[in-house]
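Shown next, in structure tokens, is the structure this report addresses.
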Amino acid sequence: MTKALKRKFLALPIISCSKDKSQQGDGDSAYDIRRVRSCEVDLDRRCSNSSKHSFYSFSASKGDVRQRKFSAVAKNVRNVLSFFKKRPSDANTPAPPVEVIQSWTLTITNLLKDKYGVMLFKNFLRSEYSEENIDFWEACEEYRQLKPKQFAARAQKIYSEYVTAHAPREVNLDCKTRLETMKNLNNPDKETFDLAQSKIQGLMEKDSYPRFLKSSVYTDLISELASPGGSAND
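Counting in our numbering, the sequence shown tops out at residue 466, every number present.
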């Protein structure tokens with residue numbers, strides 16, 4: 233029972249249920265005091281039970297939230313790990329020699345020019361909820377392979393999905409690069425997204441690329457391939 237609630241309760245007038253105030257004696261006063269104290273104890277018990285119920289309800293709700301968050305994270309981790317446990321034959325992408333995989337640590341370019349490396353890096357970024365960067369990078373690579381008559385429609389699609397402000401999968405580009413890319417849409421060619429792509433590759437190189445190289449995804453792969461008889465295709 234809180235002090236404030238006690239003060240309000242004790243401030244109430246004492247009313248005897250058996251006699252008028254004019255008829256009250258010392259015995260009646262003692263009776264009323266005992267009655268008040270009994271009521272106070274009962275009120276304390278009720279408030280205590282209510283507080284405990286609220287506390288346990290609050291704790292349970294916090295526990296539910298933590299459990300849901302943990303389950304979501306665990307599910308995502310299981311999905312990512314299940315992908316990495318798949319062999320290249322399952323993904324239709326053969327694993328390169330261990331020397332090539334080791335060369336990924338030299339530059340991000342070495343990683344991105346290898347299809348197997350891009351596959352692993354992309355799924356690593358998906359586990360960090362930032363796969364839009366590598367998806368945009370891949371979209372730019374595919375764009376360069378198009379025929380000139382296809383540039384206009386595809387350029388507009390890529391710009392709307394990744395480049396323009398508040399795009400559904402907006403990548404982190406500065407205003408100058410955004411404006412430059414928008415101007416390029418007036419006369420789209422193979423170089424329309426070169427500047428934007430280089431900016432995003434630079435961001436990945438400084439941020440997610442170092443984390444990828446330190447992750448168990450990469451280090452375990454190196455250990456597996458470097459071990460006697462080790463092969464990612466086993």
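C-beta: ideal position from N, C-alpha, C; glycine also.
Start and end of the alpha helix (DSSP H) containing residue 442? If you look at residue 442, you'll find it in the alpha helix (DSSP H) that goes 440-446.
Straight-line gap, residue 383 to residue 412 (C-alpha atoms, nearest Å): In this structure, the alpha-carbon of residue 383 lies about 17 Å from that of residue 412.
Going by DSSP, what residue range makes up the alpha helix (DSSP H) through residue 384? Per DSSP, residue 384 belongs to the alpha helix (DSSP H) from 383-390.
The segment 436-455 / the segment 359-377 touching (three or more Cβ pairs under 8 Å): Of all C-beta pairs linking the segment 436-455 to the segment 359-377, three or more are shorter than 8 Å, placing the two stretches in contact.
Is the segment 374-383 close to the segment 392-404, with three or more CB pairs under 8 Å? Not touching, per the Cβ criterion.
Residues in its own chain within less than 7 Å of residue 386 by CB, not counting five upstream and five downstream? Close CB contacts of residue 386 within its chain, under the 7 Å cut and outside five residues either way in sequence, are with 375, 378 (chain order).
Would you mind sorting residue 388 into buried or exposed? The rule is 16 or more other CB atoms within 10 Å of its CB. Residue 388 comes out exposed.
Please report the straight-line C-alpha distance between residue 453 and residue 333, rounded to a whole angstrom. Computed Cα separation, rounded: 9 Å.
Quick check on the DSSP output: the alpha helix (DSSP H) that includes residue 408 runs from which residue to which? Where residue 408 is concerned, the enclosing alpha helix (DSSP H) stretches over 407-416.
DSSP three-state call for residue 403: helix, strand or coil? Judged by DSSP in its simplified three-state form, residue 403 adopts coil rather than helix or strand.
Among 365, 435, 403, 353, which has the Cα closest to the Cα of residue 451? Closest by C-alpha distance to residue 451, out of 365, 435, 403, 353, is 353.
Distance check for residue 458 and residue 420, CA to CA, integer angstroms please. One alpha carbon belongs to residue 420, the other to residue 458, and they sit about 46 Å apart.
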